[in-house]
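Top to bottom, those sequences are chains A and B.
The first sequence: position 319 = 824 (the numbering used here), numbered continuously.
The second sequence: position 89 = 594 (the numbering used here), numbered continuously.
C-beta atoms are modelled at their ideal positions from N, C-alpha and C, and glycine is treated no differently.
These figures come from a predicted structure and were not determined experimentally.
Protein chains: 2
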Amino acid sequence: MSDLHDLTRKLQRQNDQKIVLLVADGLGGLPIEPGGGTELETASTPNMDALAAAGTLGLSTPVIPGIAPGSGPGHLGLFGYDPLEYQIGRGVLEALGIDFELGSSDVAIRGNFCTLDDNGNIEDRRAGRVASEIASKLCEKLDTIEIPGVEVFVRHVKEYRLVIVFRGEGLGGDVNDTDPQKTGVTPLDPVGGDGPSQETAEICTQFLAQAREILKDDLPANFLTMRGIDTKPDVPPMSEVYGVRAGAIAVYPMYRGLARLVGMDVLDAGQTLDSQMDRLQATWDDYDFFFVHFKYTDSTGEDGNFPEKVKRVEELDAAMPRITALNPGALVITGDHSTPCKMKSHSFHPVPVLISSDLCRPDACQTFGETACISGGLGQFPAKYLMGLALAHADRLEKFGA
Amino acid sequence: MSDLHDLTRKLQRQNDQKIVLLVADGLGGLPIEPGGGTELETASTPNMDALAAAGTLGLSTPVIPGIAPGSGPGHLGLFGYDPLEYQIGRGVLEALGIDFELGSSDVAIRGNFCTLDDNGNIEDRRAGRVASEIASKLCEKLDTIEIPGVEVFVRHVKEYRLVIVFRGEGLGGDVNDTDPQKTGVTPLDPVGGDGPSQETAEICTQFLAQAREILKDDLPANFLTMRGIDTKPDVPPMSEVYGVRAGAIAVYPMYRGLARLVGMDVLDAGQTLDSQMDRLQATWDDYDFFFVHFKYTDSTGEDGNFPEKVKRVEELDAAMPRITALNPGALVITGDHSTPCKMKSHSFHPVPVLISSDLCRPDACQTFGETACISGGLGQFPAKYLMGLALAHADRLEKFGA
Numbered sequence: 506m507s508d509l510h511d512l513t514r515k516l517q518r519q520n521d522q523k524i525v526l527l528v529a530d531g532l533g534g535l536p537i538e539p540g541g542g543t544e545l546e547t548a549s550t551p552n553m554d555a556l557a558a559a560g561t562l563g564l565s566t567p568v569i570p571g572i573a574p575g576s577g578p579g580h581l582g583l584f585g586y587d588p589l590e591y592q593i594g595r596g597v598l599e600a601l602g603i604d605f606e607l608g609s610s611d612v613a614i615r616g617n618f619c620t621l622d623d624n625g626n627i628e629d630r631r632a633g634r635v636a637s638e639i640a641s642k643l644c645e646k647l648d649t650i651e652i653p654g655v656e657v658f659v660r661h662v663k664e665y666r667l668v669i670v671f672r673g674e675g676l677g678g679d680v681n682d683t684d685p686q687k688t689g690v691t692p693l694d695p696v697g698g699d700g701p702s703q704e705t706a707e708i709c710t711q712f713l714a715q716a717r718e719i720l721k722d723d724l725p726a727n728f729l730t731m732r733g734i735d736t737k738p739d740v741p742p743m744s745e746v747y748g749v750r751a752g753a754i755a756v757y758p759m760y761r762g763l764a765r766l767v768g769m770d771v772l773d774a775g776q777t778l779d780s781q782m783d784r785l786q787a788t789w790d791d792y793d794f795f796f797v798h799f800k801y802t803d804s805t806g807e808d809g810n811f812p813e814k815v816k817r818v819e820e821l822d823a824a825m826p827r828i829t830a831l832n833p834g835a836l837v838i839t840g841d842h843s844t845p846c847k848m849k850s851h852s853f854h855p856v857p858v859l860i861s862s863d864l865c866r867p868d869a870c871q872t873f874g875e876t877a878c879i880s881g882g883l884g885q886f887p888a889k890y891l892m893g894l895a896l897a898h899a900d901r902l903e904k905f906g907a
Numbered sequence: 506m507s508d509l510h511d512l513t514r515k516l517q518r519q520n521d522q523k524i525v526l527l528v529a530d531g532l533g534g535l536p537i538e539p540g541g542g543t544e545l546e547t548a549s550t551p552n553m554d555a556l557a558a559a560g561t562l563g564l565s566t567p568v569i570p571g572i573a574p575g576s577g578p579g580h581l582g583l584f585g586y587d588p589l590e591y592q593i594g595r596g597v598l599e600a601l602g603i604d605f606e607l608g609s610s611d612v613a614i615r616g617n618f619c620t621l622d623d624n625g626n627i628e629d630r631r632a633g634r635v636a637s638e639i640a641s642k643l644c645e646k647l648d649t650i651e652i653p654g655v656e657v658f659v660r661h662v663k664e665y666r667l668v669i670v671f672r673g674e675g676l677g678g679d680v681n682d683t684d685p686q687k688t689g690v691t692p693l694d695p696v697g698g699d700g701p702s703q704e705t706a707e708i709c710t711q712f713l714a715q716a717r718e719i720l721k722d723d724l725p726a727n728f729l730t731m732r733g734i735d736t737k738p739d740v741p742p743m744s745e746v747y748g749v750r751a752g753a754i755a756v757y758p759m760y761r762g763l764a765r766l767v768g769m770d771v772l773d774a775g776q777t778l779d780s781q782m783d784r785l786q787a788t789w790d791d792y793d794f795f796f797v798h799f800k801y802t803d804s805t806g807e808d809g810n811f812p813e814k815v816k817r818v819e820e821l822d823a824a825m826p827r828i829t830a831l832n833p834g835a836l837v838i839t840g841d842h843s844t845p846c847k848m849k850s851h852s853f854h855p856v857p858v859l860i861s862s863d864l865c866r867p868d869a870c871q872t873f874g875e876t877a878c879i880s881g882g883l884g885q886f887p888a889k890y891l892m893g894l895a896l897a898h899a900d901r902l903e904k905f906g907a
């Protein structure tokens, strides 16, 4: 993948063409009934169908065939970063998910409040799913912990979940989980797999000692375990690899975090698709590339609510005129993975892709849907190539070689 | 490719869904007449057509476009082992082909009986295609050869062909062929390319010296040459990389050997498709993954017998209800390569793939054939990805990343 970025670094071209990457999370689907259409095919999408008729369709493979990706790898692929090369630890993703601004040398850790019995053994790995109001107060107490040589941040996520960040120099991310994954035993000690990670493990040990003292009277959350201890991956920013000023318009923090990870400016998206469109319009002149994220095609898929996912697709379709009115050089509509209502989960199925641009080579497709995409002009391709296609369709890449 | 197995190792999920990989050897074909159908398209295949209509089709590329594979790379690809990474030496394949159970540190060698003249020059590289009855007796004599520090096995294959196996510790496989590929010259001396292979070469030299003495009166087979001297490749077993108990139901020894190479249990297949189906049914509860091999689509292709290959495809189709009655989580029907009757040989053409599963995303295909497969929902993909797709369609892979 470094190869691909070596290419785009060398070939990037400046112009005034804008690129919009509209990600309908979990867009791909499955029919519920044999012979039926998918969610996208069932939805009435006159605007996207018109774009499909004039544009080019295809199917993208988020990672490799057969693999269902989480949101992290799904989005990194769309942004042109090989998800097998850039792997994001659980702690880092959790920090991104609460809009925490990770620095480049931070170690991020997912914490779980737990209950210890009188012998120091874990009685409940989730502290009885302690209420958020209580847990957030405990996080404030933990946030006061001081460890020489590092800055310590503790942030509450939800119920028993929290994020711990150590900001220092030269800390490693190869430290085991302290959660033993069962009850009736003591939490594990953090151990580093190499020199820099031993330093991290030592800091974890100090943190846990202080935390035990601070929490000792706070049953059921009288201690915590650590999981997914990891450093922020070293991701070159989009401005450098593609030569674009990139802005993210996403309602949910996880996606803002992923956008921040690849160097996008995170813009105020408000809470609705309408407010996202307002922001797109308002910042149109300030950026070359916009990532617009729509969550509800995924959440309705996870719920297994076929009619509601259909409605959400239609809601998205209705917003298309606001984007096309801005006359982007290239508009890409796709998902980060499929979330078929039939499976109520992310799936391995390839993801519909629509590119609309003056430079599109048309195919025979007249509507936007999974079956149409099979015979689309883009074919089936790894998602990591989508950014190159987007840049090319906005005429933002020079010729390779003479 | 190690990446792919790193992924499947991490993501494997246990459930009670069974996978059947039905390999019709050399399935892909070509029309004989312009405008005609291929063998598969000409055959009447109502059962596979019904599976195609509800399932998903595609085309797999055994190695890379343009490359016709042998049986070894063809099957390794299907089993998810990159055939360019895991290369099987001629000697190893020959040993697999006679059901010889190779140990992990064995060196296997293909031997050819030859005729030496009075000056020790090769007069006939195949010993006048010596009769099998004679050659097998000579192999029994050679099997008595003893070399300190290694076990020696000599097995007859057919006519002038034999297999020699050295079982020892730390033997290398980088030794030249002793067959000079021409007559009128002496056989070459075995020379090792590195330390461990020099040891192997020394053992070969000792073996050849004893063999020359044993065979000296056995004209026309008064000596032998060695080819394809190689160690068994270090292939991680399917149980480990995919988390499946895998069983092979193959009539021909070569395919049993290839299955054994990737760690499958080799089950008694009998001699007919019917007895194979009996075995499938009888062992259904004992395995998660079944490799069922059908040879005759390849052998009729090699013979250039179009009507007979068509008949063999129809014979296979008639067996489908016995498989579907078992209700597999995923049924994959494909070949290891194409063997068009028109070419009477393995060919480079992509191979039809049919996946039948509740998790299939349907495409527009209504029949199983090469032309239909072009517009199948799986697209065209390297064969090494098929195992991931099979696992995914049987819901046996966790999500990658959070």
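Which residues in chain A sit within 9 Å of residue i, going by Cβ to Cβ distance?
i: S880/B; result: I879 and S880
State the start and end residues of the unbroken beta strand (DSSP E) segment that holds residue i.
i: I627/B; result: I627 to D629
i: Q885/B; result: Q885 to P887
i: P857/A; result: V856 to S862
i: R732/A; result: F728 to T736
i: I524/B; result: I524 to A529
i: G675/A; result: First-last for G675/A: undefined, no H or E at that position.
i: I754/A; result: A751 to A755
i: S565/B; result: T561 to T566
i: A897/B; result: Counting along the chain, A897/B falls outside any beta strand (DSSP E), though it belongs to the alpha helix (DSSP H) covering L891 to H898.
i: S605/A; result: A small fix is needed here, since residue 605/A is Phe in this sequence, not Ser. First-last for F605/A: undefined, no H or E at that position.
i: G748/A; result: Taken as a continuous stretch (DSSP letters only), G748/A belongs to no beta strand (DSSP E), as it is neither H nor E.
For a contact defined as C-beta to C-beta under 7 Å, what are the partners of residue i on chain C?
i: R866/B; result: Among the protein chains of the structure shown, namely A and B, there is no chain C.
Could you tell me the boundaries of the alpha helix (DSSP H) in which residue i lies?
i: M759/B; result: P758 to L766
i: A774/A; result: First-last for A774/A: undefined, no H or E at that position.
i: C870/B; result: Per DSSP, C870/B belongs to no alpha helix (DSSP H) and is neither H nor E.
i: V818/B; result: F811 to T829
i: L581/B; result: S576 to L583
Sort out for me which residues DSSP pairs residue i with in a bridge.
i: K663/B; result: R666/B
Can you pull the chain A neighbours of residue i, defined as C-beta to C-beta under 7 Å?
i: F886/B; result: P570
i: L859/B; result: By Cβ distance, chain A contributes nothing, its closest Cβ being about 15 Å from L859/B, past 7 Å.
i: G893/B; result: I569, P570, G571 and I572
Taking Cβ positions only, does residue i come closer than 9 Å to chain B?
i: R666/A; result: no
i: L512/A; result: no
i: G540/A; result: yes
i: P701/A; result: no
i: L598/A; result: yes
i: P578/A; result: yes
I want to verify the contact list: residues of chain A whose CB lies under 8 Å from the CB of residue i, in sequence order.
i: H890/B; result: In the sequence as presented, His is not what sits at residue 890/B; that position holds Tyr. The answer, in chain order, is I569, P570 and G571.
i: K904/B; result: A573, P574, G575, S850 and H851
How close, in whole Å, do the beta carbons of residue i and residue j come, if the pair is a contact with beta carbons under 8 Å?
i: L643/B; j: A557/B; result: No, L643/B and A557/B are not in contact; Cβ-Cβ is about 51 Å, not under 8 Å.
i: I828/B; j: L836/B; result: 6 Å
i: N552/B; j: D900/B; result: Incorrect: roughly 24 Å between the Cβ atoms, too far for contact.
i: L719/B; j: L647/B; result: Residue identity check: residue 719/B is Ile in the sequence provided, not Leu. Between L647/B and I719/B the Cβ distance is about 6 Å, and since that is below 8 Å, they are a contact.
i: Y801/A; j: R750/A; result: The Cβ separation is near 28 Å, so there is no contact.
Kindly indicate if chain A contains any beta-carbon less than 9 Å away from that of residue i.
i: A824/B; result: no
i: D508/B; result: yes
i: L516/B; result: yes
i: A907/B; result: yes
i: A897/B; result: yes
i: A883/B; result: Strictly speaking, residue 883/B in this sequence is Leu, with Ala absent from that position. Yes, because at least one Cβ of chain A sits closer than 9 Å to the Cβ of L883/B.
i: A751/B; result: no
i: A869/B; result: yes
i: A774/B; result: no
Cβ closer than 9 Å: which chain B residues qualify as neighbours of residue i?
i: I593/A; result: G906 and A907
For the ligand ZN, I want to know if residue i counts as a neighbour, meaning its beta carbon is within less than 8 Å of at least one of the ligand's heavy atoms.
i: E875/B; result: This structure does not include the ligand ZN; it has no bound ligands of any sort.
Going along chain B, which residues have a C-beta under 7 Å from residue i?
i: L589/A; result: D508
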